[in-house]
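Inspection log for the structure reproduced underneath, given as structure tokens.
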Amino acid sequence: MNEKQTKSISKFMSLVLRHQPETIGITLDENGWTDVEELLTRMSQHKHPITLAQLQEVVETNDKKRFAFSEDGTKIRASQGHSVDVSLGLDPVTPPEYLYHGTVARFLDSIKKEGLQKMSRQHLHLSKDRETAVNVGSRRGAPYILTIRTGQMHRDGFLFYLSDNGVWLTDHVPPAYIEI
Ligand code: HQG
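According to numbering that gives the first Met the number 0, the sequence shown holds residues 0 to 179 in order.
Here is the structure:
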């Protein structure tokens, strides 16, 4: 497959494994996993024909390692980014002193007032470095990078999780911890 094809499949997989599994008639279990064979069948029935080898290629080459197979290879899930209610089963971990969030200027007034919210997703996403945050923010326009005092949040009792593909997750960042 060329890059365009793998990207198109990855986008469709993000849709069904994070947001709308019902679009192709699959279900996610409480931890977000779905059956690999079922996914292949249903994707093929819904204009995204794909073989197991191609699915493996997408999982392995994905730029952000968005998807992961279960240990026995019979199931697959998105490692983060869900809007549907799933529990990733991650244990809380200690974050670095600072993490970053890439956004755009038009959201700043609201962020200053109510802090960072998870919006439609299950968690608020934070980046380990500014470069990653720039990429995240750039999806919406000129990126604006916020530095978050995550070490202090941790000491104050907030919980943080690290997804299997290295994205930091939390529930909410109050304005007091945001350096704008
Ligand atoms: C903003 C992509 C107003 C927030 C990326 C963001 C990431 C507020 C947007 C992952 C707000 C939510 C997640 C508030 C937050 N008022 N706006 N109080 N609090 N926002 O897409 O972090 O390619 O849900 O700044 O790379 O942009 O899909 O979150 O702009 O890792 O794998 O509300 O999605 O990964 O947008 O992106 P999102 P995000 P993938």
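Backbone N, C-alpha and C fix where the C-beta goes; we use that ideal spot for every residue, glycine too. Because the structure is a prediction, the values reported are computed rather than measured.
Just to confirm, does residue i get its C-beta within under 7 Å of one of the non-hydrogen atoms of ligand 1?
i      : result
Thr102 : yes
Arg41  : no
Gln18  : The sequence given here has His at residue 18, not Gln. Checking every heavy atom of ligand 1 against the Cβ of His18, none is found closer than 7 Å.
Leu89  : no
Ile177 : no
Met118 : yes
Arg154 : no
Lys127 : no
Val83  : no
Lys63  : yes
Ser109 : yes
Could you say which of the options lies nearest to residue i if we only look at CA atoms?
i      : options                           : result
Gly156 : Pro173, Val166, Thr146 and Pro142 : Pro173
Asn164 : Thr146, Gly80 and Ser119          : Gly80
Arg41  : Leu51, Ile25, Val83 and Thr50     : Ile25
Just reading off the alpha helix (DSSP H) that residue i is part of, what are its end residues?
i      : result
Thr60  : Leu51 to Thr60
Ile8   : Glu2 to Ser13
Leu123 : Counting along the chain, Leu123 falls outside any alpha helix (DSSP H), though it belongs to the beta strand (DSSP E) covering Leu123 to Leu125.
Leu38  : Val35 to Gln44
Thr146 : Per DSSP, Thr146 belongs to no alpha helix (DSSP H); it is in the beta strand (DSSP E), Pro142 to Ile147.
Along the beta strand (DSSP E) that carries residue i, what are the first and last residues, could you check?
i      : result
Lys74  : Lys74 to Ala77
Ile110 : That residue, Ile110, is in no beta strand (DSSP E); its alpha helix (DSSP H) goes Leu107 to Glu113.
Val103 : Leu98 to Val103
Ala132 : Per DSSP, Ala132 belongs to no beta strand (DSSP E); it is in the alpha helix (DSSP H), Arg129 to Ser137.
Report all residues from its chain with a CB closer than 7 Å to the CB of residue i; omit the five preceding and five following residues, and keep chain order.
i      : result
Met181 : In the structure as shown, the chain starts at 0 and stops at 179, and residue 181 therefore has no counterpart that could be examined.
His47  : Ile8 and Phe11
Val166 : Gln79 and His124
Excluding five sequence neighbours on each side, which residues of the same chain lie with their C-beta closer than 8 Å to the C-beta of residue i?
i      : result
Ser137 : Gly101
- So does the stretch 84–99 actually touch the stretch 117–136, counting three or more Cβ pairs closer than 8 Å? A contact exists between the stretch 84–99 and the stretch 117–136.
- Query: Are at least three pairs of beta-carbons, each pair with one atom in the stretch 71–86 and one in the stretch 31–38, less than 8 Å apart?
  - Reply: The answer is yes - the stretch 31–38 touches the stretch 71–86, with three or more Cβ pairs under 8 Å.
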